[in-house]
Amino acid sequence: MPDGVRNLLDNLWQRSVHEGRKIRILEFFDVFIAKEGLAFDRDLNLIPETRTYHSDGEIDEAITKIKSLPSVEAAETIDRCILTKSRGATNYGHFILEMLPRAWIARKHLHVDDWPVLIHRASPDLVRVASQALNTIGIGDGNIIVSGDDPVFVKHIIVVDGLTAHTQYLSPFVLQCFDEISNSLPVGPNKKIYASRGPRSSRDFHDEGVVARKLTEAGYTETFSGVLDFQSQIRMFKGAERVAGVMGAALTNIAFCKPGTQIFCFMPSTACEVLFWMIAQARRLNYYEIRCTEVGPQIGSLPWDRSIQIDPEILASIVSA
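In case it helps, the UniProt record's numbering puts the sequence shown at residues 1 to 321.
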């Protein structure tokens, strides 16, 4: 691991990332929602709590699109909703950790059970599993509104702020949300699972086929979360005693593991990422992070979105220890 990456991660690893912080539930009237949850008032002032890692350029693009509307009436109009989209809305892990709990906490504390939620128009598969996740907290399909990057006009909106900050903070309320979802579900049958990345992933084992065989020989059941419904994913991770996989959206589901579960997270050597460590700390998991050599070209948006290489025999000894 490069020294610069190690120093950055050492700083992050020493932070207190789960102590209680103030959570605010805000309401606004007559706002435009664009991109992945950017909210603007009628004067096109950005509501800062909704920025969530959008760039200045993306904010300017959203304002330009709103200005191009011939009138407010030209935008799709929504009477009321809970904002359940933000930057990262196209990623399963971000939706489950950041957006789902916002809808849950708003409903829990404001008693707005009949309010719809607004989610992002991501891929059909993600919209499907996001809808299934929302169903588990009592939101029916008829109360799920989907919008894309183009602006919509909302007459009355609820915004939850302070539950998470990527790589910095994860509220205990997030885990409380997950506990309420999973408590009524039975555990899955597999004690050792290999959470594979699936085809065409931006980050995976260089010799994934060889690694998968080694893990199978070690007693691991290969699973691909992308073909499972939301409740099946929860049951699978809830029943596991050991989980192995490359860092990615599927491993977000370790948030549903029971305390003491052993997690083997294989990561690119230069990845500036502590999300899975944060989840493990909050859930009291036995977390092992294995940094691996990066090989091949960059195949995703991040510089560490490359294949990773590890001797299959060494990998087998790690996950069997």
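Each residue gets a CB set at the ideal place from its N, CA and C atoms; glycine is no exception.
How would you write the range of the alpha helix (DSSP H) that residue i sits in, first residue to last?
i: H109; result: 100-110
i: V146; result: It is not in any alpha helix (DSSP H) - V146 instead sits in the beta strand (DSSP E) that spans 144-147.
i: I137; result: Careful: I137 lies outside any alpha helix (DSSP H) and carries neither H nor E.
i: E19; result: Counting along the chain, E19 falls outside any alpha helix (DSSP H), and DSSP gives it neither H nor E.
i: R235; result: 230-239
i: D179; result: 172-182
i: A316; result: 312-320
By DSSP, does residue i sit in helix, in strand, or in coil?
i: M1; result: coil
i: V117; result: strand
i: F205; result: strand
i: S307; result: strand
i: E222; result: strand
i: V274; result: coil
i: A212; result: helix
i: L302; result: coil
i: A122; result: coil
i: A280; result: helix
i: A89; result: coil
i: R80; result: strand
i: R197; result: coil
Do residue i and residue j have their CB atoms nearer than 8 Å?
i: A240; j: I193; result: yes
i: D305; j: R203; result: yes
i: L100; j: A62; result: no
i: T83; j: T50; result: The amino acid occupying residue 83 in the given sequence is Leu; Thr does not appear at that position. For L83 and T50, yes; Cβs fall inside 8 Å.
i: K22; j: R80; result: no
i: F28; j: I157; result: yes
i: R121; j: S147; result: yes
i: I144; j: L134; result: yes
i: I119; j: K67; result: no
i: I279; j: I254; result: yes
i: R107; j: G138; result: yes
i: P70; j: T270; result: no
i: L12; j: V274; result: yes
i: P259; j: R283; result: yes
i: G245; j: A195; result: yes
i: A316; j: K214; result: yes
i: F264; j: V319; result: yes
i: Y92; j: T252; result: yes
i: V5; j: C177; result: no
i: S201; j: G162; result: no
i: F230; j: I308; result: no
i: L97; j: V174; result: yes
i: V159; j: L44; result: no
i: G226; j: D60; result: no
At what residues does the beta strand (DSSP E) containing residue i begin and finish?
i: L26; result: 24-34
i: V154; result: 152-161
i: K191; result: Taken as a continuous stretch (DSSP letters only), K191 belongs to no beta strand (DSSP E), as it is neither H nor E.
i: V295; result: 286-295
Exposed or buried, residue i, counting other C-beta atoms within 10 Å across all chains shown (16 or more means buried)?
i: E76; result: exposed
i: P151; result: buried
i: H109; result: exposed
i: K35; result: buried
i: R87; result: buried
i: A165; result: exposed
i: M267; result: buried
i: W104; result: buried
i: T261; result: buried
i: G140; result: exposed
i: G300; result: exposed
i: L285; result: buried
i: V210; result: exposed
i: F224; result: exposed
i: Y53; result: exposed
i: V31; result: buried
i: residue 342; result: An answer regarding residue 342 cannot be provided, because it is not within the stretch 1 to 321 covered by the chain.
Quick check: is any heavy atom of the ligand HEM less than 7 Å from the C-beta of residue i?
i: P189; result: In the structure on display, the ligand HEM does not appear, and there are no ligands present to speak of.
* To do: Report the residue ranges of all alpha helix (DSSP H) runs contained in full by the segment 39-77; include only those spanning at least 4 residues, in chain order.
  => 56-67
* Asked: Whole beta strand (DSSP E) runs in the segment 246-271 with 3 or more residues, listed along the chain?
  -> 262-268
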